[in-house]
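So in the numbering used here the end of the sequence shown lands on 542, straight run, no missing numbers. Every residue gets a Cβ at the ideal spot worked out from N, C-alpha and C, and that includes glycine. The next block holds one structure in the form of structure tokens; read it before the comments.
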Amino acid sequence: MAVGVAIKSDGKQYNGRITRFVLLSCMVAASGGLIFGYDVGVSGGVSSMEPFLKKFFPGVYRKMNEDKNVSNYCKFDSQLLTTFTSSLYLAGLFSSFLAAHVTRSYGRRTSIIIGGLSYLVGAALEGASYNIYMLIFGRILLGVGLGFTNQSVPLYLSEMAPSKYRGAFNIAFQICIGLGQNMATLINYSIQNIGGGWGWRISVGMAGVPAALLALGALFLSETPNSLIQYGNDNDKAKAKKLLQKIRGTDDVQAEFDDLNEASRAAKSVQHPFTNLLQRKYRPQLIMSVAMPFFQQITGINAVSFYAPILFLTLGSGESAALLAATITGFIGMMFVVVALYLVDRMGRRPLFHIGGVQMFISQMMVGAIMVTKLGDHNAISKGYALSVLVLICVYIAGFGLSWGPLGWVVTSEIFPLEIRSAAQSIVVATNLSMTFIIAQIFLAMLCNMKSGIFFFFGGWVIVMSVFVYYLLPETKNIPIEKMDRIWREHFFWKRFVGGGENDEGWKKDTA
């Protein structure tokens, strides 16, 4: 029984196809995920390199190599190291609100360019760092870039993509995150043995390459029709219609164009979108803009990513084994994101959430059980159990890549009406980065105190989020982005906030 949450489609589809123009535009925009993924991959890698730790975090280096009485779970418990990691996400949190204003007033393309340039400068500063202050200031600039790109890229992809392929286009962003992470891991692996101990500068400095490609490529992007209509004049509306015809590959776009104009009129009547988002009729979108990114970050992906290098040290030697493990899990994750790209517009969003949730829960419980029984404070796991953990972590990463990894971005980029879209997306990004910041700040202390119990902690949250999706998240497959309000009017719970289905005047107008 689906508890009344399977929403039927109204059968309305706009004319058009996937054109070369929209495909190339979305490929450039989706490359914004490269910089996000590259940072995820490079940060963990350089933090395991002895020359980097000796220069910036000597206390952590001493605990790793000299203090044999420190627990396996507490070797990385350093406030300075967590500040290095979390400063990026704090900067991204605050910049996402500025990005909302820029995206709404000046367009999605402008925000993408600003994000790429900020990340480029931050990468250059990090690569040239000679003290911890330069390093952290570079991280802050990276965070500003992250806040702008994560705010604007998912909106750009959703507004450019044909409605029946919107999920696949948005998952391209997550694929680029995976590509960026794997690029960073391979670079870390390649430079670890460079003489003189300066290889880490190549790793952090190379982040400027995808940033430069994004900023340069964005200069040649067109703005989305939605954005041209939203902040432009009558002349811009004419340009928007021509652009819509170009990206859809047909002259018959009047139905979609009329819906965009109707959405724009509603958007222009809203002077304070953040205040407007608090209205009762937007309650479902407000809840989703907070809940979805919250759940995405508390799946435990950070715990698993951190544990993998430590566990797999028993499979090889030193840094090489840790980086090899990160490479294996990274490629597994990206492979299943590609699987999600194929399935998301065929099966829908909800089934993938459920399948991925089951995989993540079972694998986390089993990894936790192995850790609590086989790994003490000073012991190492046997190679047989380490191999079992490798398989289980791959199952977990596959589940995340199939569900919350890409779909956390897909759903939140397609459910917001135009009048609150920029504001709501900034809340999504801010919540995502806030949770990442909080977990980065407290995770090492949690690891030291909870030990293997941290897997059971995150596994419990997977149950909570799976129940949330089952009861409260409607299916959005094949529903045009400007008609997404109907999924809330049909939902057994949300309709009490937004108006009741066929008794609602707006519903009658749409279905007439």
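Three-state secondary structure (DSSP) of residue i
i	result
residue 73	helix
residue 284	helix
residue 82	helix
residue 504	coil
residue 256	helix
residue 45	coil
residue 249	coil
residue 199	helix
residue 442	helix
residue 129	helix
residue 384	helix
residue 329	coil
residue 269	helix
residue 391	helix
Among the options, nearest to residue i - alpha-carbon criterion
i	options	result
residue 456	179, 403, 88	179
residue 306	175, 452, 60, 432	452
residue 161	114, 389, 528, 309	114
residue 393	378, 427, 382, 363	427
residue 148	58, 386, 243, 214	243
residue 558	258, 144, 354	What the structure shows of the chain is the stretch from 31 to 542, and residue 558 is not part of that stretch, so it cannot be assessed.
residue 468	177, 80, 327, 368	327
residue 356	58, 367, 522, 74	74
residue 522	509, 459, 503	503
residue 380	438, 211, 459, 136	438
residue 484	377, 329, 435	329
residue 188	60, 151, 111	60
residue 198	400, 461, 378	378
residue 376	509, 361, 296, 461	509
residue 555	418, 131, 454, 486	The structure shown does not extend to residue 555, since the chain is modelled only from 31 through 542, so no value can be given for it.
residue 373	466, 129, 200	200
residue 47	282, 315, 79, 481	282
residue 421	212, 383, 432, 397	397
residue 448	80, 258, 141	258
residue 515	366, 312, 239, 482	312
residue 358	181, 213, 384	213
residue 236	462, 441, 150	150
Local Cβ density within 10 Å of residue i, reported as buried at 16 or more and exposed below that
i	result
residue 323	buried
residue 54	exposed
residue 526	exposed
residue 135	exposed
residue 268	exposed
residue 30	Outside the shown range of the chain, which is 31 to 542, sits residue 30, and nothing can be said about it.
residue 472	exposed
residue 401	buried
residue 347	Confidence at residue 347 is low in this model, with a pLDDT of 42, below 50, so the placement of that residue should be treated as unreliable; the coordinate-derived value is given next. The residue is exposed, with fewer than 16 neighbouring Cβ atoms inside 10 Å.
residue 315	buried
residue 506	buried
residue 446	buried
residue 413	exposed
Rounded Cβ spacing between residue i and residue j (contact assumed at less than 8 angstroms)
i	j	result
residue 64	residue 209	6 angstroms
residue 443	residue 255	Incorrect: roughly 16 angstroms between the Cβ atoms, too far for contact.
residue 454	residue 319	5 angstroms
residue 432	residue 360	Not confirmed; about 15 angstroms, so no contact.
residue 165	residue 87	No, residue 165 and residue 87 are not in contact; Cβ-Cβ is about 10 angstroms, not under 8 angstroms.
residue 564	residue 176	Residue 564 lies beyond the range of the chain shown here (31 to 542); nothing can be said about it.
Proximity test, residue i beta-carbon vs the ligand COA heavy atom, cut-off 8 angstroms
i	result
residue 77	Inclusion of the ligand COA in the displayed structure is not the case, the ligand content being empty and no account of it being possible.
task: For the segment 491-500 and the segment 145-164, state whether three or more C-beta atom pairs, one from each stretch, are separated by less than 8 angstroms.
output: Touching, no, given that fewer than three Cβ pairs across the two stretches are closer than 8 angstroms.
message: When you compare the segment 213-231 with the segment 196-205, are there three or more beta-carbon pairs, one atom per stretch, that lie closer than 8 angstroms?
response: Too few Cβ pairs lie closer than 8 angstroms, so no.
query: Per the contact definition of three or more C-beta pairs closer than 8 angstroms, is the segment 117-124 in contact with the segment 164-184?
result: Put simply, the segment 164-184 touches the segment 117-124. At least three CB pairs are less than 8 angstroms apart.
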